[in-house]
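Structure first, then comments.
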Amino acid sequence: MRAAAPLVHNITNFVVMTPTANALLAAGAAPAMLHAPEEVAEFAAIASALVVNIGTLTAAARDAMVLAVRAARDAGRPWVLDPVAGGVTAFRRETVAQLLCEGPAVVRGNASEIIAASIGASAGRGVDAANGVDEAAVHADALARRIGATVVVSGPVDYITDGTRAVEVANGVEMMTRITGTGCTCTALIGAFLGAGLPGLEAATAAMVLMGVAGEVAAQGNPGPGTFAVRLTDALAALRPKDLDQRGRYALRLTGTLAA
Amino acid sequence: MRAAAPLVHNITNFVVMTPTANALLAAGAAPAMLHAPEEVAEFAAIASALVVNIGTLTAAARDAMVLAVRAARDAGRPWVLDPVAGGVTAFRRETVAQLLCEGPAVVRGNASEIIAASIGASAGRGVDAANGVDEAAVHADALARRIGATVVVSGPVDYITDGTRAVEVANGVEMMTRITGTGCTCTALIGAFLGAGLPGLEAATAAMVLMGVAGEVAAQGNPGPGTFAVRLTDALAALRPKDLDQRGRYALRLTGTLAA
Amino acid sequence: MRAAAPLVHNITNFVVMTPTANALLAAGAAPAMLHAPEEVAEFAAIASALVVNIGTLTAAARDAMVLAVRAARDAGRPWVLDPVAGGVTAFRRETVAQLLCEGPAVVRGNASEIIAASIGASAGRGVDAANGVDEAAVHADALARRIGATVVVSGPVDYITDGTRAVEVANGVEMMTRITGTGCTCTALIGAFLGAGLPGLEAATAAMVLMGVAGEVAAQGNPGPGTFAVRLTDALAALRPKDLDQRGRYALRLTGTLAA
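Residue numbers (this note's numbering), protein chains in the order written: chain A, 73 to 332; chain B, 73 to 332; chain C, 73 to 332.
Printed below as a string of structure tokens:
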């Protein structure tokens with residue numbers, strides 16, 4: 073990815089803009105955050121990939137998202153969806169349902185968000201996962217097949233599926249749930265790997281392993297969450313492919329549904 | 073609060089979204105930031121408490137705030153108001169006056185903001201307090217009685233009043249005024265303690281003591297403001313009730329007005 | 073500047089609000105971020121200076137910017153423009169062209185942004201400079217003369233011109249391009265020095281030297297970008313005029329065009 077330095081267009085939530093931009097820079101990508109309906113289509117066609125995150129959704133942002141993803145698709149650019157708290161309100165459920173029809177390459181959320189995206193109904197409260205990854209895996213498989221995308225369930229062990237193949241990533245630390253924006257950053261990194269040319273399953277796996285290993289490095293010495301967040305950015309910048317080869321803990325298998 | 077892990081709905085300003093979310097996580101609460109008029113009422117009824125902060129106010133945000141506070145009130149959920157720079161422009165004075173009629177459990181601001189909220193006229197310039205806490209105390213008492221809420225004046229010694237009883241909190245360090253968002257974070261923490269079930273005066277006292285002690289811990293060794301901000305988050309995560317019992321410096325008394 | 077403690081009004085992008093506010097506080101200024109069309113004109117006349125940054129531009133923000141800069145001008149307050157990614161979309165080109173007609177005291181951007189501002193056409197992709205500072209200098213001179221402002225081209229050696237005199241600032245480190253918001257922070261600091269009473273060329277030089285030296289201090293020991301960002305804020309707070317006198321590396325000369 074560092075060689076490609078993909079330009080990643082983010083229509084993302086206001087809570088995570090700063091840490092997301094810094095994480096993308098640390099990982100070697102070029103972040104751009106812009107969300108005006110007047111320009112998103114023009115820019116989405118220039119960028120290497122698009123990241124859509126509904127955390128601080130508004131009606132104007134939803135319009136911009138639809139314009140942008142259609143322009144990205146028309147220009148052959150991949151895009152990734154983060155359906156933050158996607159099942160919690162009717163406004164979010166409708167927005168997620170609409171965006172899922174627009175051909176994302178990857179969808180990433182926690183267990184509750186992925187279940188909500190798959191079944192179109194409420195699950196969880198706010199941004200926390202009220203469901204387990206295992207419970208969400210079958211819904212992730214179904215969603216992946218229905219929309220022809222890669223679906224990522226974040227959790228203690230991440231589950232990544234394209235409906236046929238699944239990858240489980242065991243990297244990461246609990247502290248990552250104690251600071252804001254780690255999930256959103258994973259999604260942005262998936263966008264960066266998509267922008268660098270990786271297909272959905274590979275991009276998602278690379279991003280989840282990178283973020284997980286960075287979290288493990290940052291957690292050394294058991295720092296508080298403020299220090300951890302700083303070190304996480306440091307780690308993202310310092311890690312190299314060989315580190316991920318050595319420290320990555322992931323396994324490919326057929327999806328549970330198919331294997332059964 | 074860590075046992076309750078209250079879900080805290082924030083309609084807050086864009087400058088402090090990231091540090092506020094991290095502070096709430098560090099203190100054991102679950103933050104959610106969402107502000108679309110299409111969904112705030114639905115979400116406010118789900119959350120344990122609501123935080124309304126007018127720092128980067130817009131007309132759309134004002135509409136969302138009114139919808140949210142009414143939904144919170146109807147659902148029996150407490151809410152806290154931070155009237156950032158509330159006396160500085162006509163738009164802010166009108167918004168603050170409107171929100172004060174909607175039954176906040178707590179109002180927190182600096183001396184100039186609380187005087188402006190109480191008298192409905194300009195005081196101070198921007199986010200800095202041009203008035204002293206002593207000067208604001210009588211206005212805080214009057215405001216508390218008028219709207220039936222707890223009112224907090226932040227300063228070197230914080231003044232917290234419900235119109236009858238007052239608490240003074242002496243914790244905190246001057247460095248807290250040198251980074252952005254410490255006042256807003258206090259307000260968010262008040263929201264978290266309200267969400268955990270504490271009444272207004274107790275929630276405000278707990279939040280101001282927690283934040284003040286965390287500031288004292290973070291200031292050890294006299295770091296620069298960047299390092300201080302990181303350690304402040306670390307301290308919020310590390311502090312336990314017994315630390316606050318040992319280090320909290322606060323005293324209850326009858327309000328100045330009544331005692332006179 | 074610390075004595076003046078200028079109140080700096082920012083209509084700025086959502087990615088950099090937190091670090092910009094902290095940098096202004098560290099440097100001794102009083103930041104205020106507000107952008108509602110209902111109040112920006114009123115506030116711009118109160119503040120010492122205005123900073124306009126189009127990073128996360130929207131139509132509403134553009135309207136607010138125009139209202140604010142006119143009010144600032146009418147009140148005799150200087151303002152500085154940061155045309156982030158200004159050449160990349162038609163929406164940005166039109167906005168920049170409109171704002172350049174409203175009398176900014178200073179315009180600061182990277183080489184691609186300044187070329188785009190000067191020639192009114194696209195240059196660069198996103199926020200990264202695709203052009204060199206040398207290439208941009210002649211365009212900066214022309215722009216400075218056309219609009220009667222000081223123009224700053226950020227880069228390894230910054231180029232600051234009022235169309236007659238030019239200053240080159242050699243301070244700064246490459247790491248500053250690896251975290252988000254350093255350019256935007258430079259612009260905000262220019263606003264702060266304008267607010268403290270310095271004329272355009274002097275304000276821009278002071279800001280670029282301050283930021284460059286702070287970057288050099290923060291880069292000692294070669295930290296990762298997370299740690300670097302924290303130390304940058306620390307350094308901005310710690311530096312004093314004598315440090316800048318000792319460490320500043322800049323030179324005044326006639327502009328290339330005139331000297332030729």
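Cβ atoms here follow ideal geometry from the backbone N, Cα and C, with glycine treated the same way.
Item                                                                                                                                                                              : Value
Using only CA atoms, which one of Leu282/A, Gln318/A, Thr236/A lies nearest to Ala264/A?                                                                                          : Leu282/A
Just the C-alpha distance for Val152/A and Ala169/A, rounded to the nearest angstrom, thanks.                                                                                     : 14 Å
Within 8 Å (strictly less), CB to CB, does Ala331/A reach chain B?                                                                                                                : Note that Ala331/A has pLDDT 43, beneath the 50 cutoff, so the model's placement of it is unreliable and no number is given.
Against chain B, with Cβ distances strictly below 8 Å, would Leu129/A count as a contact?                                                                                         : yes
Could you confirm whether any beta carbon from chain C is found closer than 8 Å to the beta carbon of Met118/B?                                                                   : Note on identity: in this sequence residue 118/B is Ile, with Met being the wrong assignment. Not closer than 8 Å to any Cβ of chain C, the Cβ of Ile118/B fails to qualify, so no.
Taking a cut of 8 Å between CB atoms, which residues from the segment 136-169 of chain C lie near chain A?                                                                        : Ala157, Val160, Thr161, Ala162, Phe163, Arg164
Tell me where the beta strand (DSSP E) around Met105/C begins and ends.                                                                                                           : 102-105
What residue range is occupied by the uninterrupted alpha helix (DSSP H) comprising Thr277/C?                                                                                     : 272-290
Residues in the segment 298-309 of chain C with C-beta within 9 Å of chain A's C-beta atoms, listed in sequence order?                                                            : Gly298, Thr299, Phe300, Ala301, Val302
Just how far apart, CA to CA, sit Ser184/B and Arg218/A?                                                                                                                          : 57 Å
Could you tell me whether the Cβ of Thr252/A comes closer than 8 Å to any Cβ of chain C?                                                                                          : no
Can you tell me where the beta strand (DSSP E) with Val224/C in it begins and where it stops?                                                                                     : 222-226
Could you check the C-alpha separation between Ser120/B and Ala242/B for me, to the nearest Å?                                                                                    : 29 Å
Relative to the C-alpha of Asp234/A, which candidate in Thr252/A, Thr249/A, Thr90/A, Ala214/A has its C-alpha closest?                                                            : Ala214/A
If you follow the beta strand (DSSP E) that Asp230/A is part of, which residue opens it and which one closes it?                                                                  : 230-233
Specify, as a first and last residue, the run of the beta strand (DSSP E) that Arg134/A falls within.                                                                             : Looking at the DSSP string, Arg134/A is not in any beta strand (DSSP E); the run it does join, the alpha helix (DSSP H), is 131-146.
Excluding the five sequence neighbours on either side, which residues of its own chain have a C-beta within less than 6 Å of the C-beta of Ala116/A, listed in chain order?       : His81, Leu122, Ala140, Ala143, Ala144
Please state the DSSP three-state secondary structure of Asn294/A.                                                                                                                : coil
Just to confirm the assignment, what range does the beta strand (DSSP E) spanning Leu153/A have?                                                                                  : 151-154
How would you list, in chain order, the residues of chain C whose beta-carbon sits under 8 Å from the beta-carbon of His107/A?                                                    : Thr128, Thr130
Let me know the secondary structure DSSP gives Gly269/B once reduced to three states.                                                                                             : coil
Would you mind stating whether Thr252/C and Asp306/A have Cβ atoms separated by less than 8 Å?                                                                                    : no
Across the segment 260-280 of chain A and the segment 221-228 of chain A, are there enough close Cβ pairs to call them in contact, namely three or more that are closer than 8 Å? : yes
So, using beta-carbon positions, are Cys258/C and Ser226/C closer together than 8 Å?                                                                                              : yes
Where DSSP assigns a beta bridge to Gly181/A, which residues make up the other side?                                                                                              : Val225/A
Please list the partners that Gly287/B has in chain C, where partner means a Cβ-to-Cβ separation under 8 Å.                                                                       : Those do not exist, as Gly287/B stays about 15 Å from chain C at its closest Cβ, beyond 8 Å.
So which of Val229/C, Val179/C, Gly192/C has the shortest CA-CA distance to Ala216/C?                                                                                             : Val179/C
Could you please give the first and the last residue of the uninterrupted beta strand (DSSP E) stretch that includes Pro240/B?                                                    : Correcting the residue identity first, residue 240/B is Glu in this sequence and not Pro. 237-241 is the span of the beta strand (DSSP E), which, as asked, contains Glu240/B.
In chain A, what lies closer than 7 Å to Pro91/C by C-beta?                                                                                                                       : Thr90
In three-state terms, what does DSSP make of Arg74/C?                                                                                                                             : coil
Give the range of the beta strand (DSSP E) segment to which Ala121/A is assigned.                                                                                                 : 121-125
Show which residues of chain C have a CB atom less than 7 Å away from the CB atom of Phe265/A.                                                                                    : Within chain C, no residue comes near Phe265/A; the closest Cβ sits about 18 Å away, beyond 7 Å.
Put Arg325/C into one of helix, strand or coil per three-state DSSP.                                                                                                              : strand
Which one of Gly175/C, Pro297/C, Leu316/C, Ala136/C has the shortest CA to CA distance from Ala108/C?                                                                             : Ala136/C
Touching or not, the segment 85-93 of chain A and the segment 85-99 of chain C, by the rule of three or more beta carbon pairs under 8 Å?                                         : yes
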